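This report refers to the structure that appears directly beneath it.
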Amino acid sequence: MSLSVNSETGFLKSVVLGIPDDIGPVPNIEECFDPSSVYHLENNSYPTAIDISKEMADFLEVLNKYNVKVLRPENILNLNQVFARDLGFVIQDTFLISNIIENRSNEIPAIEHIINQISSDKVLKIDSNSKIEGGDVTIFKNHVFIGASNPTDFNKYKVARTNFEAVDFIKNYFPNKKVMGFELFKSDTDKNENTLHLDCCFQPVSNDLAIIAPDSFKNKRDVGYLEELIGKSNLFYLSKEEKNNMHSNIFSISPKVVISDKRFSRLNSWLQQKDILVEEINYSEISKMGGLFRCSTLPLIRD
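Residue numbers (my numbering): 406 to 708.
This is the structure in structure tokens:
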């Protein structure tokens with residue numbers, strides 16, 4: 406299998422979609438590693454397996470509608486395998502295997518049958534000192550943006566998943582790309598003060614547009630860089646509430662087709678005004694676990 410991913414919005418040909426088959430019993434708070442899950446456990450609103458399966462089936466139906474080749478992880482009993490994005494990512498024609506949080510390391514063997522279809526010289530295992538998850542990696546034209554944490558934050562927060570060693574690793578491996586690390590605000594206890602990954606606050610759409618939550622960035626110069634690069638008039642600025650509900654975590658099938666949540670009315674209207682077709686589905690239950698559409702997918706081929 407030959408890979409090709411050079412943007413977040415190119416025509417999607419092949420993607421790994423997570424599975425909801427055997428997520429196991431409802432976790433206890435000590436077993437959670439994101440504040441959104443903790444919040445919904447404390448409020449007795451954690452999603453049921455039935456609801457998760459229904460929402461993923463609706464997502465799959467839209468992908469099938471656009472003739473996307475969908476690959477799935479192998480099922481592992483009693484393991485939540487919904488969020489495939491973090492297990493790896495593709496830059497150009499290379500698949501990079503993530504060094505993810507230890508709590509989720511059992512998920513990677515479930516995609517080995519997919520990795521084995523890729524030429525071994527196009528599979529890269531990131532070195533052990535470089536910690537990174539796919540949700541922190543975003544491609545925009547010649548740029549690779551990476552949500553990353555400084556050493557203090559990385560060692561302090563469970564939700565800090567990517568370090569600057571990984572940013573340097575990507576820089577060295579892709580010298581033709583402009584690779585930049587963006588520090589994001591983290592909180593293990595307050596879901597409204599936490600930005601788990603870069604795709605929870607920034608997302609390119611179409612060819613020249615993007616969604617951004619400026620308050621998630623620790624360094625305002627990073628926001629300024631994105632505004633200068635993309636243009637303020639081409640950015641959709643999320644409110645605090647919209648950011649907290651992860652409105653940036655939509656998913657592009659092409660520059661002109663986006664999958665979004667039915668609840669994201671202001672964003673969906675803006676996208677439609679930009680002549681983008683919005684496939685609206687309900688993903689409200691899965692969102693309670695700290696991710697949405699982009700988190701559930703791992704694109705392999707985009708034209």
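Where is the CB? At the ideal position from N, CA and C, for every residue including glycine. Small disclaimer: the values here were computed from a predicted structure and weren't measured.
| Query | Result |
| --- | --- |
| Got a sec? Which residues, its chain only, sit under 8 Å from N511 by beta carbon, not counting five neighbours each side? | I481 and L484 |
| Does DSSP classify I513 as helix, strand or coil? | helix |
| Let me know if L422 comes out buried or exposed under the rule of 16 or more other beta-carbons within 10 Å of its beta-carbon. | buried |
| How far does the alpha helix (DSSP H) with Q678 in it extend, from its first residue to its last? | S670 to Q678 |
| Excluding the five sequence neighbours on either side, which residues of its own chain have a C-beta within less than 6 Å of the C-beta of V346, listed in chain order? | Because residue 346 is not part of the residues shown, which for the chain are 406 to 708, the question remains open. |
| Hey, would you say S644 sits closer than 7 Å to I616, going by beta carbons? | no |
| Less than 7 Å separating the beta-carbons of N568 and F559? | yes |
| Express the C-alpha separation of E685 and N650 in angstroms, rounding to a whole number. | 16 Å |
| Going by Cα to Cα distance, which pick from K530, R509 and H445 is closest to F500? | K530 |
| How do the segment 669–680 and the segment 441–456 stand: do at least 3 beta-carbon pairs fall below 8 Å, yes or no? | no |
| With respect to the alpha helix (DSSP H) encompassing A462, which residues constitute its N-terminal and C-terminal limits? | A454 to K470 |
| Between the C-alpha atoms of S554 and D620, what's the straight-line distance to the nearest angstrom? | 16 Å |
| Does the separation of the CB atoms of K591 and A565 fall below 7 Å? | yes |
| May I ask you to report which of helix, strand or coil DSSP gives I575? | helix |
| Helix, strand or coil for G711 per DSSP? | Lying before the first or after the last residue shown, residue 711 is absent from the chain, which here runs from 406 to 708. |
| Any idea what DSSP makes of D684, helix, strand or coil? | Residue identity differs from the one stated: residue 684 is Glu in this sequence, not Asp. In this structure, E684 counts as strand in the three-state DSSP scheme. |
| Using only the alpha-carbon positions, how far apart do E690 and I664 sit? | 16 Å |
| Going by CA-CA distance only, name the one from Q497, K527 and R477 that's closest to I513. | R477 |
| With 16 other CB atoms within 10 Å as the buried threshold, where does Q486 fall? | buried |
| Less than 7 Å separating the beta-carbons of V473 and V410? | no |
| Using the rule of at least 16 other Cβ atoms within 10 Å of the residue's Cβ for burial, across every protein chain shown, is D708 buried or exposed? | exposed |
| Smallest Cα separation from F641: which of A454, N612, S525 and Q608? | Q608 |
| Any idea if A462 is buried or exposed, counting beta-carbon neighbours within 10 angstroms, 16 or more meaning buried? | exposed |
| When we look at the beta-carbon of R699 and count the other beta-carbons within 10 Å, is it buried (16 or more) or exposed? | buried |
| Quick one: measure Cβ to Cβ for N504 and I544, integer angstroms, because I've assumed they're closer than 8 Å. | About 19 Å separates the two Cβ atoms, so there is no contact after all. |
| Near S657, what residues of its chain come up, given a Cβ to Cβ distance below 7 Å and the 5 sequence neighbours on each side ignored? | E413, T414, V610 and V663 |
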